[in-house]
Amino acid sequence: MSQGPNMVVCIKQVPDSAQISVHPVTNTIMRQGVPTIINPYDLFALEAALRLRDQLGGKVTVLTMGPPMAVSALRKALGHGADEAILLSDRFFAGADTLATSYALTSAIQKLDSQHPVDLVFTGKQTIDGDTAQVGPGIARRMGLNQLTYVSAIPSIDLEAREICVHRRAEGGVQVLKTKLPCLITMLEASNEMRRGSLPDVLRSERAEIITWNAEAAGVEDLGKCGMKGSPTKVSKVFAPQPRAEKAKMIKADDGSPASLATAAIETMLAEDAGLLKVMAPQSTSA
Amino acid sequence: MAQPPAAPPAKGRAKTTELPEHLKAYKNVWVFVELEHGRVHPVSWELLTEGRKLADALGVDLCGVVLGPKAEGTDQAIAEAFHYSANRVYAVEDPLLAEYRNEPYTKAMTDLVNKHKPEILMLGATTLGRDLAGAVATTLQTGLTADCTELAIDADKSLAATRPTFGGSLLCTIMTRAARPQMSTVRPRVMAMGDPDRSRSGEVVRESLGMVEDEIVTKVLDFIPDSDTNQAQLAYADIVVAGGMGLQRPENIQLVIDLAQVLGAEYGCSRPLVQKGWMTADRQIGQTGKTIRPRLYIAAGISGAIQHRVGSEGADQILAINSDPNAPIFDFAHHGIIGDALEILPALTEAFRKRLSVDRLAG
Amino acid sequence: MTEHFDAIVVGAGPAGNSAALVMARAGLSVLQIERGEYPGAKNVQGAILYADAVERVIPDFRDSAPLERHIIEQRMWMLDDHAYVGSHFRSDQFNEERPNRYTIIRAQFDKWFSSKVKEAGALIICETTVTDLLRDTSGKVIGVKVDRDDGEVTADVVVLADGVNALVSSRAGLRPELKPQEVALGVKETIFMPRETIDARFNLKGNEGVVIEAAGTITAGMTGTGFLYTNGDSLSVGIGCLISDFAKSQVRPYFLLERFKQHPAIAPLIAGGESKEYAAHMLPEGGYHAVPQVHGDGWVMAGDAAQFLNAMHREGSNLAMTSGRLAAETIIAAKKAGKPMTAATLKAYRKALEDSFVLRDLKKYRRLPQILETNKHFFTDYPRLITHAAETMLRVDGVPKLDKERAVMASFRSTRKLRGLVVDLVKLGRAWR
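If you want it as structure tokens, here you go:
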């Protein structure tokens, strides 16, 4: 048994929202040709796990639930340096909301845990296609792991004492928390920077066998809790936002100079909301 | 563990669905009043204002949930919840709730829900609210819709929760028909806050936590307030100035900061600048950053991609500066200047400086 | 430890994909290295696909490739500011079982093409930039270095299919820097509208498609052309001119495209559509004389990097795929014969190109780039004269036809002089031969 922590990082393959567009005629998402990426927030989780492995040894397994094409996200993760990758793929998982997703992922992590106890489960703080930020807490709750969300730093971990200390972003400040392993950590964005895998890592990732588990292999006990069936929320409609009727009124100035434009802009804004002057430059109120 | 309500098989696309018998006991609209260090997060009042509309549409009560230590701040929060139109407040007061921790908060909330059975439970999509909501929803085995931008009651009296999806390119409406409570989180500044009515009060229902410190594994060692670390306070700023890729070079961020300083404003940026490492993530405005709702928003050199639009279009007044007349930002800005942000920003700073000093002399 | 492959292919565009696929299928160990996030990431949207070149690499491509429409009609227009004259060729014969030309969306097609390369057994890595070529003491190319840690990898031969900018080839001194008069900058955008609208506007049914090529005053006196392709539910509209001309005229490409879209010949075709996906792309248009050395010790060059583009017929991807395939076949033959990958062995690639349409077509039009670059009146005077002539002849206004003919001839002669007209004719005639 290895000395370092046994870590599982949950990732999700998402369409790159920066490159997504809505078909102007049919008002549906144009998925064709939209590249898929690893959910950017998950990369902070993966990097955090890789850093712990660099420090302490151990193993980083990436896990995703998705269609067979999600293999490419796993390969990317391997290319960044993860040790092993598992794809959870089954038609029973299709259409899952966050509750059903956390159920399926939990089944797989529990199976890994039975093979070799898992010390840390990592997720990103949220996905960019769902933005729900619930799958992490869902897994923690189901597995009875101590839940540490919005973690910005992991200053210390003591495998002997089974203790971990983290910085957690809270409203208005940072909490310094101490808890017991095993735990679930969702990493805050910008908490680290994803490394660029070496050439041997990338070559290995392209050749690696990706372990694929269907519901049975993942040890899912209740298919009724998976996919569409296990999802209490249902999407009732999808629609494009209403475009605003009016476009911006362009501010013009006779000579077109920045100074004249600026003056004209200020007068226009104050004409709309004279009260702005009162909230401007609070340092002047004391004068 | 709570007894999860057994979900009956979904019935196709039936327009109105009769609620299963065991869920009919779930009544009233609840809003979690987020109290930390004696202060209530303003999103709670925004949610109570919104919750009032939902409760009226359903003809039920609006209730606040206050969790915290026995302290003046907690009493104050309870009183204020009534000012923001709650009919009733459920309160759990216990020293273990002094600092937010997932375990005791989840227990307090799930116990309250299981005992008093609300049909709708709303929380702010803050770091605290999301941490709590995910754990509560999983424990209760119910549906949770995050980051809603619109909430309504549909024909069969279910909550229709609308939220942006795919980076804000589309909106989707999500229903939780066969489980209760219907949970949703809403980001700060998405809903408008109503005026408090200081004369209002109501019934307080107190419950106990039923937990001792030894049962809680996670300990809070310290709390480092943001005032010590110069974190951005974008969400509640009256005036926000932000820059985008039109700034061209990292050092030009100073032009944004200069204008913000003259105006006493907060400053921020669009996503690419954070990705390039020119500004910190706490200053990002947009779908994956902060939602702002200032009286005045000045966007300089920001193209206005949908992801940015979602986080900024709630501003009362938007002035956009962009050299490309076809930039999408002009589709939702109120006023526009076609020009180079690098020239217009210093001109604005100078013109505001003059205007404000004149005004100060006159005043 | 440095890994070794039979061949390394730099780039995953049409040339690199053909080369990698053909070699992998022949059992060679192939590493393909792409700079972009995924194959096709660096490619602009609408384009034309020439079936023959694809068929020779993937015979059954029609079963699975993302194809938009097959082309049944070609329109060649000459435009002045408010009119166009031109020819339309439409044939039901193009509605054949295996159509000859298709419109495609490059990003999708390249991704599909790459999946075939992968199926054939090549190892493809993306988001990886080749920074340098590795050479042995004799100067023979023996591998590449990439922008990752432990980034050296060796191979018997390196296929440089690194595109128009040819960053790797240029850095290694294997390809001269592009001259502004040898490169065109094309800008295009995709305009979405319902399929039925496109079918009605262009008289199409099923998967039939139309291509319009346009030249004239739309390029504001610069050497270049405009085009419009019909895709499934969108139109690709674009215009391109030589970089040297853009530099001289200070006209912004985007402005040119906007003006082209507003031309009375184009505007009604795109009316009501929604513009999305504006993109710019460079095209090597130097022609035969700009083709660099395409082989050496341990390396061959294919596709845009080697300037394999026929500007006259607006063909590029077919030259790229064919050159990639010929490079691969040369390497496979050498491998089978047990020959080292030296310049002498790889010379067979140059020979194969000369025997194929790739270099033969480029050679045929070898004079064209220079003539068009130095005779801008082909893009200004002639379109005006010709449209004016057509208008004069067609207008029924009581003027006898003979007088009209005289007036038309006079306008030609006053603009170009008799000698100029003859010289232009000779020039064009020679360019065409």
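Protein chains in written order, with this note's numbering: chain L, 1 to 287; chain X, 288 to 650; chain Z, 651 to 1083. The beta carbon of each residue, even a glycine, is placed where N, CA and C say it ideally should be.
Cβ of residue i less than 9 Å from any chain X Cβ?
i        : result
Gly4/L   : no
Glu194/L : Reading the sequence as shown, one finds Met at residue 194/L and not Glu. Not one chain X Cβ lies under 9 Å of Met194/L.
Asp273/L : yes
Phe239/L : yes
Asp107/L : Per the sequence shown, the amino acid found at residue 107/L is Ser instead of Asp. It does not: the Cβ of Ser107/L has no partner Cβ on chain X nearer than 9 Å.
Leu43/L  : no
Gln147/L : yes
Lys249/L : yes
Counting only beta-carbon atoms, is residue i nearer than 9 Å to chain L?
i        : result
Phe319/X : no
Gln363/X : no
Ala242/X : Only positions 288 to 650 of chain X appear in the structure, and residue 242/X is not among them; the question remains open.
Cys556/X : no
Met409/X : no
Thr336/X : no
Ala297/X : For Ala297/X, the predicted structure reports a pLDDT of 41, less than 50, and the residue's modelled location is therefore unreliable. The matter cannot be settled from this model.
Phe639/X : yes
Arg685/Z : no
Val680/Z : no
By the DSSP assignment, the beta strand (DSSP E) with residue i in it spans what residues?
i        : result
Ile540/X : No beta strand (DSSP E) contains Ile540/X, which is instead part of the alpha helix (DSSP H) from 540 to 550.
Gln175/L : 173 to 180
Asp434/X : 431 to 435
Asn609/X : 604 to 609
Arg751/Z : 751 to 755
His654/Z : 653 to 660
Which residue marks the beginning of the alpha helix (DSSP H) containing residue i, and which one marks its end?
i        : result
Ser737/Z : Run containing Ser737/Z: none in the alpha helix (DSSP H); it sits in the beta strand (DSSP E), 734 to 740.
Gly666/Z : 664 to 675
Phe617/X : 616 to 619
Leu188/L : Run containing Leu188/L: none; DSSP gives neither H nor E here.
Met396/X : 389 to 403
Val202/L : 199 to 207
Pro559/X : 558 to 562
Ile981/Z : 967 to 987
His324/X : No alpha helix (DSSP H) contains His324/X, which DSSP labels as neither H nor E.
Using a C-beta cutoff of 9 Å, does residue i count as contacting chain Z?
i        : result
Asp201/L : yes
Gln283/L : Residue placement at Gln283/L cannot be trusted, given a pLDDT of 43 that sits under 50; the coordinates are not used to answer.
Glu206/L : yes
Ile128/L : no
Leu35/L  : Reading off the sequence, residue 35/L comes out as Pro, not Leu. It does: the Cβ of Pro35/L has a partner Cβ on chain Z nearer than 9 Å.
Gly197/L : yes
Gly79/L  : yes
Rounded to the nearest angstrom, how far is the Cβ of residue i from that of residue j, given a contact under 8 Å?
i        : j         : result
Gly411/X : Pro475/X  : 6 Å
Gly836/Z : Leu933/Z  : 6 Å
Gly953/Z : Ala811/Z  : 5 Å
Asp348/X : Arg388/X  : Wrong, their Cβ atoms sit about 29 Å apart, outside the cutoff.
Leu783/Z : Val796/Z  : 11 Å between Cβ atoms; not a contact.
His939/Z : Arg1016/Z : 6 Å
Gly598/X : Ile579/X  : 6 Å
Which residues does DSSP pair with residue i in a beta bridge?
i        : result
Met480/X : DSSP, once it has assigned bridges, lists no residue as partnering Met480/X.
Ser884/Z : Phe842/Z
Gln13/L  : Ile38/L
Tyr938/Z : Answer by DSSP bridge pairing: none, since Tyr938/Z is not bridged.
Ala864/Z : Trp727/Z, Gly876/Z
Cys459/X : Val238/L, Arg450/X
Val71/L  : Beta-bridge pairing links Val71/L to no other residue.
Cys776/Z : Answer is none; Cys776/Z lacks a bridge partner.
Phe122/L : Val9/L, Ile185/L
Fill in: Given 8 Å, three or more beta-carbon pairs between the stretch 375 to 385 of chain X and the stretch 345 to 355 of chain X
yes
Worksheet item: Using 8 Å as the Cβ pair cut-off and three pairs as the minimum, do the stretch 84 to 101 of chain L and the stretch 199 to 219 of chain L touch?
Response: yes
Discussion item. Measuring CB atoms only, is the stretch 235 to 249 of chain L touching the stretch 615 to 627 of chain X, in the sense that at least three cross pairs come out at less than 8 Å?
Written reply: yes
Worksheet item: Counting Cβ pairs closer than 8 Å, one from the stretch 94 to 109 of chain L and one from the stretch 216 to 228 of chain L, do we hit at least three?
Response: yes
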